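Contents: one structure, followed by commentary.
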Amino acid sequence: MIMDKGILGKKLGMTRVFRDSGESVPVTAIEVGPCYIIQIKREEKEGYSAIQLGYQPKKEKNVNKPLLGHFRAAGKGGFRHLREMRVDEVEPYELGREITSGIFTVGDMVTVRGLSKGRGFAGVVKRWGFSGGDTAHGCRSHKVPGSIGASATPSRVMRGKKLPGRMGNQRVAVKNLEVVDVVKEKDLILVKGSVPGSRGGLVEVRIRG
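The number in the numbering used here is simply the position in the sequence shown, starting from 1, with 63 added.
So, in structure tokens, the structure goes:
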């Protein structure tokens, strides 16, 4: 069997499992696939080698006409999510092929990408971990950033200064997560540690190496 390098899935939540030694391991449950290869991009035509995966079926009546024509080439219906994954060679892949949790084995190291939870507009204490001012009654600057100027030279705030702003809702990758268990009949994998996003969020799982 040719080893696919990645798959799309849905974060279900966190729990824990016990190893044979009795060690408690925190894990995240991810429902992966099934995904289908919708398009194969080749070096000669597109300039790079990649496969495009479709995830979560969608009724054709809810798909716009340009995408509908794109999906029909693979003959698998419409999908809610489309993602590209770079590959070294496209010859082993074929249009419409199904990719499931069977590509994973216990002990694999994976990289999980997802959209982090949005926290809205946050101050410097929450966003950057600033210590803030004193908590005594005489202090009037509990959660303010403090002095941010650079005096008369250069007489401006330097670019990249840590200040209040929008926190979260960004694409984040967590690397080197161990696959603790694979439940093939439910297309479920358990990875050690936490992954980005909220419950039900879309994640991309890639096997490292």
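Every residue gets a Cβ at the ideal spot worked out from N, C-alpha and C, and that includes glycine.
All values derive from a computational prediction rather than experimental measurement.
Please report the distance separating the alpha-carbon of residue i from that of residue j.
i, j, result
"serine 214", "histidine 200", "30 Å"
"lysine 74", "valine 246", "15 Å"
"lysine 104", "asparagine 232", "30 Å"
"serine 210", "glutamate 152", "54 Å"
"alanine 236", "serine 179", "9 Å"
"glycine 260", "threonine 216", "42 Å"
"glutamate 123", "valine 175", "30 Å"
"lysine 108", "phenylalanine 134", "19 Å"
"phenylalanine 142", "valine 173", "25 Å"
Can you tell me whether DSSP reads residue i as helix, strand or coil?
i, result
"leucine 226", "coil"
"glutamate 147", "strand"
"arginine 203", "coil"
"glycine 141", "strand"
"serine 273", "This structure gives no information on residue 273, because the portion of the chain shown stretches from 64 to 272."
"arginine 176", "strand"
With a threshold of 6 Å, establish whether the CB of residue i neighbours any heavy atom of the ligand MG.
i, result
"histidine 133", "This structure lacks the ligand MG; in fact it carries no ligand of any kind."
Would residue i and residue j qualify as a contact pair, given that the criterion is a beta-carbon distance under 7 Å?
i, j, result
"glutamate 94", "aspartate 244", "no"
"proline 97", "glutamate 154", "no"
"leucine 145", "leucine 71", "no"
Contact defined as beta carbons within less than 8 Å: I believe residue i pairs with residue j. What is the distance between those atoms, to the nearest angstrom?
i, j, result
"proline 227", "arginine 190", "7 Å"
"valine 254", "valine 169", "Not confirmed; about 11 Å, so no contact."
"tyrosine 273", "alanine 137", "A query on residue 273 cannot be resolved here, the shown segment of the chain reaching from 64 to 272 and no further."
Is it a yes or a no for the segment 144 to 151 touching the segment 184 to 196, going by three-plus beta-carbon pairs under 8 Å?
no
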